[in-house]
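**Q** Please see the structure below; I have some questions.
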Ligand SMILES: [Fe+2]
Ligand SMILES: [Fe+2]
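Residue numbers (my numbering): 5 to 193.
Right, here's the structure in full:
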């Protein structure tokens, strides 16, 4: 039986691009034509593009974060022979809440972004895109286990894994850069 697990090199590659958004800024995901065929209409949509104006984790924008989550969950699903098309599409839209969550509570009095943003993302995604029931479920359930109901599909679990992995890597990368900067500044003081 063919080993479907990622190799060590592949895991290291995934960690590199989860931590560093430069490949997103250079639009290198467009080199993967099979991926692009799944999601091109979403990537070109101005509503999707507007996520570039909102920060997500560290210095990663919501748009960059969503592309990373989409691309990682797409790669996982392709590797395991799962439904990668709907996964790639739902991954792109999973955080389409379209506000700055860092200032959202202060501006609106709504303090539970972690719990409520999947529903807001789904409402926005339904407004601007045609979604399947499976895609809707993947978007709505992506914060499990913080929200109590898990997704109905294994592809939804792949998005949850990719989201947690990328979120942690994005935050850790910012801390790493800050520590390096502080050490260099200390050395030259
Ligand atoms: Fe989210
Ligand atoms: Fe996310």
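From the three backbone atoms N, C-alpha and C, an ideal C-beta is built for every residue, glycine too.
From a predicted model like this one, the values you see are computed outputs, not experimental measurements.
For residue 5, which three-state DSSP category applies?
**A** Translated into positions along the chain shown, residue 5 becomes position 1. Because residue 5 sits at a pLDDT of 43, beneath the cut-off of 50, its placement in the model cannot be relied upon, and the following sentence gives the value as read from the coordinates. Correct three-state label for residue 5: coil.
**Q** For the alpha helix (DSSP H) holding residue 152, just list the boundary residues, first then last.
**A** As a first step, residue 152 is located in the chain shown; it is residue number 148 there, counting from the start. It is not in any alpha helix (DSSP H) - residue 152 carries neither H nor E in the DSSP assignment.
**Q** Rounded to whole angstroms, what is the Cα-Cα separation between residue 83 and residue 74?
**A** As a first step, residue 83 is located in the chain shown; it is residue number 79 there, counting from the start. As a first step, residue 74 is located in the chain shown; it is residue number 70 there, counting from the start. Approximately 14 angstroms, taken between the alpha carbons.
**Q** Should residue 117 be counted as a contact of ligand 2 given a C-beta to heavy atom distance under 7 angstroms?
**A** Taking the chain shown and counting its residues from 1, the one referred to as residue 117 is at position 113. No; taking the cut-off as 7 angstroms, the Cβ of residue 117 has no heavy atom of ligand 2 nearer than that.
**Q** For the alpha helix (DSSP H) that residue 90 lies in, which residues bound it at each end?
**A** Sequence index remark: in the chain shown, residue 90 carries index 86 (1-based). Counting along the chain, the alpha helix (DSSP H) containing residue 90 begins and ends at 88-97.
**Q** For my contact list, residue 46 and residue 102 are in at a C-beta cut-off of 8 angstroms; report their separation, rounded to the angstrom.
**A** Reading the chain shown from its first residue, position 42 is the one you call residue 46. Reading the chain shown from its first residue, position 98 is the one you call residue 102. Their Cβ separation, rounded to whole angstroms, is 14 angstroms, which puts residue 46 and residue 102 out of contact at 8 angstroms.
**Q** Can you find a C-beta in chain D that's less than 8 angstroms from the C-beta of residue 144?
**A** Checking the listed chains, one finds no chain D in this structure; it contains a single protein chain.
**Q** As a quick check of your reading: which residues have a C-beta less than 5 angstroms from at least one non-hydrogen atom of ligand 2, in chain order?
**A** Having a Cβ closer than 5 angstroms to some heavy atom of ligand 2 are 99 and 167.
**Q** Could you tell me whether any non-hydrogen atom of ligand 1 is closer than 7 angstroms to the CB of residue 147?
**A** Counting from one through the chain shown, the residue named residue 147 turns up at place 143. Yes, the Cβ of residue 147 comes within 7 angstroms of a heavy atom of ligand 1.
**Q** In the structure shown, what three-state DSSP assignment does residue 64 receive?
**A** Within the chain shown, the letter at position 60 stands for residue 64. Residue 64: coil per DSSP, three-state reduction.
**Q** Only counting the same chain, and skipping five residues up and downstream in sequence, which positions put a Cβ closer than 8 angstroms to that of residue 5?
**A** As a position in the chain shown, residue 5 is number 1, starting the count at 1. Because residue 5 sits at a pLDDT of 43, beneath the cut-off of 50, its placement in the model cannot be relied upon, and the point is left open.
**Q** Residues in the same chain with beta-carbon distance under 6 angstroms from residue 60, minus the five sequence neighbours each way, listed in chain order, please.
**A** The sequence position of residue 60 within the chain shown is 56, counting from 1. Within the same chain, residue 60 has close Cβ partners 66 and 69.
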